[in-house]
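In my numbering, the protein residues as written are 1157 to 1303.
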Ligand SMILES: [Zn+2]
Ligand SMILES: [Zn+2]
């Protein structure tokens, strides 16, 4: 996903300040790491990218950023929890999940397809009384490395 680093830092800094928290160096490093990872990543994967970071502070900063909505967790096909910057920052998108290695990647569906998807879901659920507030769509398969 395209992420403007400067704007992202501004946004995160404001969001944290509004919650009475500081944009510490550790949190800045984590946001940079998530931008450079460019896909939903687990804590071990992030540590591989930046081995000098301490695992415990990475977990703590991730939890802090998650609690203010800067980071969201992604559940994949395995037990690893992966994280990415929230859609407010990186934009609305979908995930492919590799059922072999568990890799999760981002992709974007056209606005038009998103709208017809919404319409189709509302139609399908119109008799159930269920109030839709959104939906999830993950695509399962094998990634380029596994196929
Ligand atoms: Zn794979
Ligand atoms: Zn994503």
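From the three backbone atoms N, C-alpha and C, an ideal C-beta is built for every residue, glycine too.
Quick check on the DSSP output: the alpha helix (DSSP H) that includes residue i runs from which residue to which?
i	result
residue 1184	1181-1193
residue 1220	1211-1223
residue 1178	Here residue 1178 belongs to no alpha helix (DSSP H), and DSSP marks it neither H nor E.
residue 1267	1267-1281
residue 1244	1243-1246
residue 1200	1199-1205
Report the residue from the options whose alpha carbon sits nearest the alpha carbon of residue i.
i	options	result
residue 1224	1178, 1294, 1190	1178
residue 1159	1243, 1260, 1268	1243
residue 1271	1291, 1226, 1234	1291
residue 1304	1227, 1208, 1273	For the chain, the structure presents residues 1157 to 1303; residue 1304 sits outside this window and is missing.
residue 1302	1257, 1211, 1165, 1265	1257
What would DSSP say about residue i, mapped onto helix, strand or coil?
i	result
residue 1234	coil
residue 1293	coil
residue 1252	strand
residue 1260	strand
residue 1228	strand
residue 1303	coil
Given residue i, which residues of its chain have a CB within under 8 Å of its CB, disregarding the five upstream and five downstream residues?
i	result
residue 1206	1185, 1189
residue 1278	1288
Take residue i and list the residues in its own chain whose beta-carbon comes closer than 6 Å to its own, dropping the five residues that flank it on each side.
i	result
residue 1251	1260, 1294
residue 1296	1253, 1255
Subject >> Test item, CB below 6 Å from any non-hydrogen atom of ligand 2 >> reply: 1196, 1240, 1249, 1251, 1262
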